[in-house]
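To start, the structure itself, in structure tokens.
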Amino acid sequence: MAPALYWIRRDLRLADNPALTAAAQGGRPVIPVYLHAPDEAGAWAPGEASNWWLHHSLEALAGDLAARGLPLVIRHGDSLAALESLIAATGAEAVHWNRLYEPALIRRDKGIKQQLKARGLEVHSHNAALLHEPWTVQTGTGGDYKAFTPFWRACRRRAEPASPLPVPERLQAPAGVERLDGAVMPLDPGNGPLTALQLLPQVDWAGGLRARWQPGEGGATQRLEAFLEAALAAYDEGRDLPAIAGTSRLSPHLHFGEIGPRQIWQAVQAKLARHGAEGWLVTGAESFLAEIGWREFAHHVLYHHPDFPDAPLNPRFADFPWQADPGERLLSAWQRGETGIPLVDAGMRELYTTGWMHNRVRMVVGSFLVKNLRLPWQAGEGWFWDTLVDADLASNSLGWQWVAGSGADAAPYFRVFNPVRQGERFDASGDYVAHWIPALARLSAKHRHAPWQAPDGVLADAGLTLGVDYPHPMVDLKASRQAALAAFEQIKKPG
């Protein structure tokens, strides 16, 4: 049989992989190929943290494929040209891939599918990334949803997601595929073409990422299992506490397709079945599955509003009077975690060190940037895009427009998170702040979230000098909130 190309994108797993399963159907030889073409993503090419993850995930996938006798072919450059070259070199008669949903990549994939079909190729795309693809969930009038709750209610009314696919029982490569220019040899997945992609940073800043994460399908499976065992039951409350391991931290694994939402859905249902769907577990499970729903909603919004990453969904916010920031002094302090507001700074330091930030803290640091500093949400979106290992165009855009008050199902603009109260409520012991800002660890929990309010004697006993060991607050929280609300009044009424 003529071989099939399996075009790998962000589906870096073997299980529940519809494109791989279809390519191997009937015993057809399969050529897995990864095509590195970041420019084809348009303005949203992957950032530094994403590239670090991608390198190690591809390395893990190459090893998993090699264990089954398949070398991973890697090419760099124009995707259509690379596919055509491989088709000519191998005699492949079919191409399979799993769909992506970013606007630039949808346009690219449609063009490639048309070109290959015109050449007589069998071409199929598949859904591996979502429970429900964006165009399949519609309002009663056939439109798209602007609010999460009715969207998720509509999703839950649909049939249960299909069962995940197993790893194909038989995977075989065509003879001679290992001699293809650009193939990663089975016994040496860390050298050659993968290294040539230059995904790893030239200056090694990734020590914190290595200590925290295990990219690859195996790492994703282990993380899911650990979460289900230790944190699912208490997820409804634990997800809001940044000092504990109360969340799944599956987001980068989901983004890179090392695990799929159908697998997560099935694993949660199996956990419920084993425990008789007891009430203590159901609440946590429903809250967790709703977070999978928010990911679905983000893709739904992006698909129907392709300019969502760049422009406010609510057009009134296009005229919002953002604050001038000469030399990006305010933005830089926020990025470095040197604002003088402990919960904000702890979150930004966690992000820079680990490539990830707790979701509750993401809301707080986002609110502080767009409301207390009154800087454009796009500036925060861009920084997250470059530093998050789970940087996902749909989810990142939804999150930033949510906190800015300009997006789908957004928080009202007048809702300004007070980082001191948020810290006192969700990090009552101050352990999260103390971990990421050691200078504040010497203070009691009472003063960790607002050290500028501590008496001089308390600061002296802790050996802490504000402005030296830790910055003074760069803004007054109350005054900056009032300034944000006044700015909002300027766009509140149309015309």
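Read left to right, the sequence shown gives residues 1 to 495 (UniProt numbering).
Beta carbons: idealized from backbone N, C-alpha and C, even for Gly.
- request: Spatial neighbours of residue 249 within its chain, please: CB distance less than 8 Å, with the 5 preceding and 5 following residues excluded, ordered by chain position.
  value: Numbered from its first residue, the sequence shown carries residue 249 at position 249. Apart from the 5 residues on each side of it in sequence, residue 249 sits with its Cβ closer than 8 Å to the Cβ of 223, 227, 356 in its chain, given in chain order.
query: What do you reckon, are the CB atoms on residue 64 and residue 14 nearer than 7 Å?
result: Taking the sequence shown and counting its residues from 1, the one referred to as residue 64 is at position 64. Taking the sequence shown and counting its residues from 1, the one referred to as residue 14 is at position 14. Taking C-beta atoms as the reference points, residue 64 and residue 14 count as a pair closer than 7 Å.
Buried/exposed call for residue 455, threshold 16 Cβ in 10 Å: Here residue 455 refers to the residue found at position 455 of the sequence shown. Of the other Cβ atoms in all chains shown, fewer than 16 fall within 10 Å of the Cβ of residue 455; this residue is therefore exposed.
message: Which same chain residues end up closer than 7 Å to residue 485 when comparing Cβ atoms and leaving out the 5 residues on each side of it in sequence?
response: Here residue 485 is taken as the residue at index 485 of the sequence shown, counted from 1. Excluding residues within five positions, the ones whose Cβ falls inside 7 Å are 414.
field: Every unbroken alpha helix (DSSP H) within the segment 39-111, with a cutoff of 4 residues, ordered by chain
entry: Taking only runs of at least 4 residues, the alpha helix (DSSP H) segments lying wholly in the segment 39-111 are 48-66, 79-90.
task: Pull up the CB-CB distance for residue 209 and residue 55, whole angstroms please, since I reckon it's below 8 Å.
output: For the purposes of this step, residue 209 is taken as the residue at position 209 of the sequence shown. For the purposes of this step, residue 55 is taken as the residue at position 55 of the sequence shown. Taking 8 Å as the upper bound for CB-CB distance, residue 209 and residue 55 are not in contact here, some 11 Å apart.
- prompt: For the alpha helix (DSSP H) that residue 350 lies in, which residues bound it at each end?
  reply: As a position in the sequence shown, residue 350 is number 350, starting the count at 1. Here the alpha helix (DSSP H) through residue 350 covers 342-354.
- prompt: Exposed or buried, residue 332, counting other C-beta atoms within 10 Å across all chains shown (16 or more means buried)?
  reply: As a working note, residue 332 is residue 332 in the sequence shown. Exposed is the call here.
field: Backbone secondary structure at residue 413 - three-state DSSP
entry: Taking the first residue of the sequence shown as 1, we reach residue 413 at position 413. DSSP places residue 413 in coil when its eight states are reduced to three.
query: Cα-Cα, which of 193, 375, 43, 292 is closest to residue 327?
result: As a working note, residue 327 is residue 327 in the sequence shown. When only C-alpha atoms are compared, the closest one is 375.
Through-space distance from residue 175 to residue 185, alpha-carbon basis: Counting from one through the sequence shown, the residue named residue 185 turns up at place 185. Counting from one through the sequence shown, the residue named residue 175 turns up at place 175. Only weak support is given to the placement of residue 185: the predicted model assigns it a pLDDT of 46, under 50, and the question is left unresolved by the model.
query: If you drop the 5 nearest sequence neighbours on each side, which residues of the same chain put their C-beta closer than 6 Å to that of residue 21?
result: What you label residue 21 is simply residue 21 of the sequence shown in a count that begins at 1. The answer, listed in chain order, is 165, 168.
message: Considering only the alpha carbon of each residue, which of 120, 117, 155, 123 lies closest to residue 134?
response: Counting from 1 along the sequence shown, the entry for residue 134 is found at position 134. Comparing Cα-Cα distances from residue 134 to each of 120, 117, 155, 123, the minimum goes to 155.
message: Beta-carbon within less than 8 Å of residue 499's beta-carbon, same chain only, minus the 5 sequence neighbours each way: which residues are those?
response: For residue 499 there is no data in the structure shown, the boundaries of the chain being 1 and 495.
field: Contiguous alpha helix (DSSP H) assignments of at least 4 residues, all confined to the segment 155-215
entry: Within the segment 155-215, the complete alpha helix (DSSP H) runs of at least 4 residues are 193-196, 207-212.
Residues near residue 400 in its chain [Cβ-Cβ closer than 7 Å; skip 5 each side]: Along the sequence shown, read from residue 1 onward, the residue named residue 400 stands at position 400. Excluding positions up to five away in sequence, the list reads 366, 377, 380, 381.
With 16 other Cβ atoms within 10 Å as the buried cut-off, status of residue 62: As a first step, residue 62 must be located in the sequence shown, where it is residue number 62. Counting Cβ neighbours within 10 Å, residue 62 comes out buried, since at least 16 surround it.
- prompt: For the candidate residues 66, 141, 358, whose alpha-carbon lies nearest to that of residue 240?
  reply: Within the sequence shown, the letter at position 240 stands for residue 240. Distances from the alpha-carbon of residue 240 to those of 66, 141, 358 put 358 closest.
Buried or exposed by the 16-neighbour rule on C-beta atoms within 10 Å, applied to residue 489: On the sequence shown, residue 489 is found 489 positions in, with the first residue counted as 1. Around the beta-carbon of residue 489, fewer than 16 other beta-carbon atoms lie within 10 Å, marking it exposed.
query: If we ignore side chains and look at the alpha-carbon of each, how far apart do residue 473 and residue 420 end up?
result: As a working mapping, residue 473 is identified with position 473 in the sequence shown. As a working mapping, residue 420 is identified with position 420 in the sequence shown. The straight-line gap from Cα to Cα measures roughly 12 Å.
message: I need the boundaries of the beta strand (DSSP E) containing residue 35, first residue and last residue.
response: The count along the sequence shown starts at 1 and reaches residue 35 at position 35. In the DSSP annotation of this structure, the continuous segment of the beta strand (DSSP E) that includes residue 35 starts and ends at 30-36.
For residue 256 and residue 389, the rounded distance between their alpha carbons: Mapped onto the sequence shown, residue 389 falls at position 389. Mapped onto the sequence shown, residue 256 falls at position 256. One Cα belongs to residue 389, the other to residue 256, and the distance between them is close to 10 Å.
- prompt: Going straight from the alpha carbon of residue 460 to that of residue 469, what length do you get?
  reply: Locating residue 460 in the sequence shown gives position 460, counting from the first residue. Locating residue 469 in the sequence shown gives position 469, counting from the first residue. For residue 460 and residue 469, the distance between alpha carbons rounds to 12 Å.
task: Out of 82, 177, 16, point me to the one whose CA is closest to residue 2's CA.
output: Position 2 of the sequence shown holds residue 2. Of the listed residues, the one whose Cα sits closest to residue 2 is 177.
query: Taking the beta strand (DSSP E) that residue 402 falls in, what are its first and last residues?
result: Stepping through the sequence shown from its first residue, residue 402 is reached at position 402. Looking at the DSSP string, residue 402 is not in any beta strand (DSSP E); the run it does join, the alpha helix (DSSP H), is 393-404.
- request: Classify residue 6 as helix, strand or coil using the three-state DSSP reduction.
  value: Here the question's residue 6 lines up with position 6 in the sequence shown. Strand.
query: In three-state DSSP terms, what is residue 14?
result: Taking the first residue of the sequence shown as position 1, residue 14 is located at position 14. Residue 14 falls in the coil class under three-state DSSP.
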